[in-house]
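Mapping the sequence shown onto numbering that gives the first Met the number 0, position 111 (from 1) lands on 110, and the numbers just tick up by one.
Even glycine gets a Cβ: it sits at the ideal position worked out from N, Cα and C.
Note that the structure is a prediction, hence the values are computed from the model and not measured.
Notes to accompany the following structure.
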Amino acid sequence: MAKGLRVQQRGEVTLKRRMQAIHVQHRPLRCTTLERRSRTHRGRTQTKCSLGTNTGSKAKKERQMLDANFPLDEEDRTFHLGARKGEISNRILSVGDASRAELLSQAFLRPFPNGDPVFNMVSSRGFSVTTGVVGESNTEVSIVTTLMGLANMDFVVREARAVIEGPMAIVRLGTCGALQPGTLGKILVPAEGCVLVHRNPDSFNQPANGSKTKPYLITSPVYPHADLCNRLITELQRTLPAGPDGIKCGINCTTDSFYSSQGRTGSAFDDRNEDLMERVMEEIPNAVSFEMETFQLLHLASCSKGSIAAAACAIGLAERANNKFMTPSQLVEMEEKAGKSAIEALVDFDLSLLD
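Structure follows, in C-alpha cells:
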C-alpha cells in the first residue's frame, strides 16, 4: 500500500461545487499554447491549455499539424490529447468526468519535490491532463479525462503511448449502469473480463421481422492485467466497507451507445432493442455493468506488444433493475474512496513487470 496517500481536507464550498458540477457542462479555458512545467511558478497548480489564442469573438487556432499519419504539431503535441513528452506520467488514472478529475487531483496530487507545481492542461478537444506526485515515495501519477466513448478512449491511449517512454499502467475509474440487483453504489470491477455490445448496422437495412442478422452483436471478452487488477481489488477492499456496500466483480459490457446498445427504449428511433437487456443477462449471467470505454482500454492494452497494463472499475451510478440513481453526495464520497484505491494500485504496481 502506498504510504502517505491521504485525502486532503477540503472546505464545504468545494464539496458543494463538486456536487453542482455533476450536472454542469465542463468548458475548457481559452488560453495560450501550453508550455512545459516551469520552475518559475511556485503555486500548487499551474494551469495551461492548448487551445490557441482568443482573438475577439473567434478563437484563432495556431497549431500547424505536420504528419497526416500520426498528427503532431510543431511542438510535437498530439492532435487530440494535446500533450507532448514529459507531461504525462507512466502511471495514469483515467476518468471520464472533468469535475471528477479536479476532485481527485485536489485530494491526492502534490507539487513536485523540486518545487514545480502540479501540472495541468486542457486541450482544444476538452481532454485534460493533471500530473503530480503522491505518497511518501513521491511517485508521479497523471489524472487524465478521457471523456466518453470508444473513440475518445482510443485517442487518449494511443496518443499517451506516443509521448510516454517506457512501460505504462492505466486504471480507469468511471461510472456505470449496475446490472445486478442490489449493486447501486457499489464499485463494479471487470475482473472476469469485458465484452463489447454494439449496434449492427447491416441488420437495420432489412425489415425488423425479416432480418437474418441480430441488431446487436456481443464480442468475446478481453481481460485486465491480472496483477494490476488484483492490486486494485486489494486496495478497494481496504478502503471500502466489507459486505453488501463494498465491491462486486464480474464482466463489464462496454457499449457503443448510451441509449440503444444499453437497452434504453424510445419511440423516436428504430432501435430494435426491446429484448437486449434480457439477452445480455441470459448470455452473460455474471455481467455487472454497462458503460462505454473499458473495452477499448483493455483491448488496446492487449495489443500494445506488452507495453501497457490496464485495469478498470466503475461506480454503480444507476441500477437498471429498479431504475434508481445514487445521490450526488453519495457519488462524491465513492469517487474519493475509489479514486484513492485506484491511485494506490497504480503507485504500488511494478512497471518492470512489463519490461
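Coil, strand or helix - residue i by DSSP
| i | result |
| --- | --- |
| E164 | coil |
| C175 | strand |
| D153 | helix |
| C228 | helix |
| G131 | strand |
| K356 | In this structure the chain extends from 0 to 354, so residue 356 is not present and cannot be described. |
| E234 | helix |
| F289 | strand |
| M325 | coil |
| S75 | The sequence shown places Asp at residue 75, rather than the Ser named in the question. Of the three classes helix, strand and coil, the one that applies to D75 here is coil, per DSSP. |
| I186 | strand |
| L195 | strand |
| G249 | coil |
| N272 | coil |
| R90 | strand |
| F107 | helix |
| R216 | In the sequence as presented, Arg is not what sits at residue 216; that position holds Leu. L216 falls in the strand class under three-state DSSP. |
| N68 | coil |
| L345 | helix |
| M18 | For M18, the pLDDT reaches just 37, beneath the cut-off of 50, and the residue's location in the model is therefore unreliable, leaving the point undetermined. |
| P294 | One detail in the question is off: residue 294 reads as Phe in this sequence, not Pro. It is helical. |
| A309 | strand |
| N113 | coil |
| L316 | strand |
| M147 | coil |
| E282 | helix |
| S301 | helix |
| S122 | strand |
| E139 | strand |
Nonlocal neighbours in the same chain, by C-beta distance under 8 Å from residue i, ignoring five residues either side
| i | result |
| --- | --- |
| P180 | E318, A320, N321 |
| N272 | P214, Y215, S259, S260, G262, R263, T264 |
| A100 | V94, S127, T129, I142, V143, T144 |
| P112 | V132, N137 |
| R41 | Interpretation of R41 is limited by its pLDDT of 37, a score under 50 that renders its predicted location unreliable; the figure taken from the coordinates is listed afterwards. The answer, listed in chain order, is G114, P116. |
Among the options, the one whose alpha carbon lies nearest that of residue i
| i | options | result |
| --- | --- | --- |
| R160 | A308, S328, A313 | A308 |
| M147 | F294, A341, V194 | F294 |
| D270 | A97, S256, E282, C175 | S256 |
| V117 | R124, P200, V128 | V128 |
| I401 | L195, V132, D153 | For the chain, the structure presents residues 0 to 354; residue 401 sits outside this window and is missing. |
| R83 | N199, E158, Q205, E135 | E158 |
| V331 | G184, T254, A67, H298 | G184 |
| F107 | E74, T182, V133 | V133 |
| R76 | I186, S98, R109, R62 | R62 |
| I246 | P206, N285, I186 | I186 |
| V155 | E135, N285, G125 | G125 |
| H224 | T253, C312, G209, R109 | C312 |
| G249 | P240, A286, L353, S266 | A286 |
| E290 | H197, E281, F268, T253 | T253 |
| Q268 | A67, I87, A207 | Here residue 268 is Phe; the residue named in the question, Gln, does not match the sequence. The option with the nearest alpha carbon to F268 is A207. |
Residue i Cβ short of 8 Å to the ligand COA heavy atom set
| i | result |
| --- | --- |
| L172 | In the structure shown, the ligand COA is absent, as is every other ligand, since no ligand is present at all. |
Same chain only: Cβ atoms within 6 Å of residue i, ignoring 5 sequence neighbours per side
| i | result |
| --- | --- |
| S56 | Below a pLDDT of 50, predicted positions are generally treated as unreliable, and S56, at 39, falls in that range; no measurement from the model is reported. |
| M333 | I314 |
| T358 | Because the chain spans 0 through 354 in this model, residue 358 falls outside it and cannot be assessed. |
| L103 | I142, G338 |
| S210 | S202 |
| L316 | T174, M325 |
| R109 | G131, V132 |
| L352 | none |
| A177 | L183, G315, E318 |
Expected contact under 8 Å - CB spacing of residue i and residue j to nearest Å
| i | j | result |
| --- | --- | --- |
| E292 | M64 | With 8 Å as the limit, E292 and M64 do not qualify as a contact, their Cβ atoms being about 26 Å apart. |
| L172 | G338 | 6 Å |
| K336 | T233 | Rounded, the Cβ-Cβ distance is 14 Å, inconsistent with contact. |
| N89 | I163 | 6 Å |
| N199 | T212 | 6 Å |
| L92 | A341 | 5 Å |
Same chain, Cβ closer than 7 Å to residue i, neighbours up to 5 away in sequence not counted
| i | result |
| --- | --- |
| V221 | G192, C193, F294, L297, H298, S301 |
9 Å Cβ cutoff, residue i in contact with chain D
| i | result |
| --- | --- |
| K185 | Chain labels in this structure do not include chain D; a single protein chain is all it has. |
* If we count Cβ pairs, one from each stretch, closer than 8 Å, do we get three or more for the stretch 339-348 versus the stretch 136-145? -> Segments in contact, yes.
* Asked: How do the stretch 289-306 and the stretch 321-339 stand: do at least 3 beta-carbon pairs fall below 8 Å, yes or no?
  -> Output reads no: the stretch 321-339 does not touch the stretch 289-306.
* Is the stretch 264-277 close to the stretch 160-175, with three or more CB pairs under 8 Å? -> They do not touch, by the three-pair rule.
* Asked: Can at least three beta-carbon pairs, one atom from the stretch 172-190 and one from the stretch 214-229, be found at a separation below 8 Å?
  -> By the criterion of at least three beta-carbon pairs nearer than 8 Å, the stretch 172-190 is in contact with the stretch 214-229.
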